[in-house]
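For the sequence shown, my numbering gives the first residue as 164, with consecutive numbering after it. Where is the CB? At the ideal position from N, CA and C, for every residue including glycine. Some notes on the structure that comes next.
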Amino acid sequence: MTKDLIVALEDQPGALAKMGEALGKAGVNIDGICGVTVEGKGMIHILVGDPAKARRALESGKLPVVREQDVLVLDVKDRPGELGDIARRLANAGVNIHLAYLATSTRLVLGVDDIQKAQGALRAK
């Protein structure tokens, strides 16, 4: 199962650079990323191929990983309506989406409340 790591950063110049440098130095590629700041704290979601290696690199750089979660990574078409189609299929199956961002190679990363149910809904057209 693919993992999304949530990293807490200070909302200040250089914080994202420090994270990128720590991962780069450890040889960890970032396959997808999104982030937002709320009340002076940055919350960055990263999609990586080796979450254990990424966690070690981040924590050795004093960059706390606050959560690790399983996510769906879907190959999607780059066309109008693709997100709506996918989200509707999941909604119709009763699956709640709590995270969505794009990754490399036109892939959609989704954090959902029930991964097995979501996978089943997406397989059934």
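Beta-carbon gap between residue i and residue j smaller than 8 Å
i, j, result
"valine 258", "valine 170", "no"
"threonine 269", "aspartate 238", "yes"
"glycine 195", "methionine 206", "no"
"lysine 280", "alanine 256", "yes"
"valine 234", "threonine 165", "yes"
"asparagine 192", "glycine 212", "yes"
Supposed close pair residue i, residue j - CB separation, criterion 8 Å
i, j, result
"leucine 210", "alanine 185", "Not confirmed; about 16 Å, so no contact."
"leucine 253", "alanine 263", "Wrong, their Cβ atoms sit about 10 Å apart, outside the cutoff."
With 16 other Cβ atoms within 10 Å as the buried cut-off, status of residue i
i, result
"arginine 218", "buried"
"aspartate 167", "buried"
"methionine 182", "buried"
"glycine 292", "With the chain represented from 164 up to 288, any question about residue 292 goes unanswered, as that position is not in the structure."
"valine 208", "This sequence places histidine at residue 208; valine is not what is there. Histidine 208 comes out buried."
"alanine 287", "exposed"
"alanine 266", "buried"
Three-state class that DSSP yields for residue i in the structure shown
i, result
"leucine 221", "helix"
"glycine 283", "helix"
"alanine 178", "helix"
"glycine 205", "strand"
"glycine 190", "coil"
"glycine 212", "coil"
Which complete alpha helix (DSSP H) runs does the region 238-270 hold, if anything under 4 residues is left out?
245-255
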